[in-house]
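Numbering follows numbering that gives the first Met the number 0, with no gaps: position 110 of the sequence shown is 109.
Even for Gly, the Cβ is constructed at its ideal location relative to N, Cα and C.
Working notes for the structure below.
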Amino acid sequence: MNPRIASLEKMVGGPRDGALLRFSLGNEYWHAGDLVKAENAFRAAVDRDSRYSAAWKALGKVLGEAGKPAEALAAFEHGIAVAEARGDIQAVKEMTVFAKRARKALDEAAR
Numbered sequence: 000m001n002p003r004i005a006s007l008e009k010m011v012g013g014p015r016d017g018a019l020l021r022f023s024l025g026n027e028y029w030h031a032g033d034l035v036k037a038e039n040a041f042r043a044a045v046d047r048d049s050r051y052s053a054a055w056k057a058l059g060k061v062l063g064e065a066g067k068p069a070e071a072l073a074a075f076e077h078g079i080a081v082a083e084a085r086g087d088i089q090a091v092k093e094m095t096v097f098a099k100r101a102r103k104a105l106d107e108a109a110r
């Protein structure tokens, strides 16, 4: 197992467990190619902090890579709303592009 993943997993359930830990764990799983565990970790991050726009963006990207464009679109749309409320213009721009791609994937799948 990746030593970084092992180190982060040791903290899960402890006093430092929170959105940032789950986000970090999700990124490590994602880079290791484990989309299922990455998705679960990013979902845990937004469950702990629903205003964490970076976690919404990462969740959407992982869902898109996993072939779940409808779920990806929903994550991006939620993330856009969160980022707009926080004034995070760059995150809004990025997720708007990703949401457009997810809509295109859905349109192509419907054909």
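For LYS67, the three-state secondary structure derived from DSSP is coil. Within the segment 18-51, the runs of alpha helix (DSSP H) at least 4 residues long that lie entirely inside it are, in chain order, 18-30, 34-47. Taking the CA atoms as reference points, ALA98 sits about 19 Å from ARG85. Taking 8 Å as the cut-off, the Cβ atoms of LEU24 and LEU7 count as close. Here DSSP, grouped into helix, strand and coil, assigns ARG102 to helix.
The continuous stretches of alpha helix (DSSP H) do not include ARG110, and DSSP gives it neither H nor E. In the same chain as ALA43, and ignoring 5 residues on each side of it, the C-beta atoms closer than 7 Å to its own belong to ARG21, in chain order. Leaving aside the five residues that flank GLU64 on each side, the residues in its chain whose CB is nearer than 7 Å to its CB run, in chain order, LEU34. DSSP, reduced to helix, strand and coil, places GLY59 within a helical segment of the structure shown.
Leaving aside the five residues that flank ASP48 on each side, the residues in its chain whose CB is nearer than 6 Å to its CB run, in chain order, ALA18.
It is roughly 6 Å from the alpha-carbon of LYS56 to the alpha-carbon of PHE75. Under the three-state reduction of DSSP output, VAL11 falls in the coil class, being neither helix nor strand.
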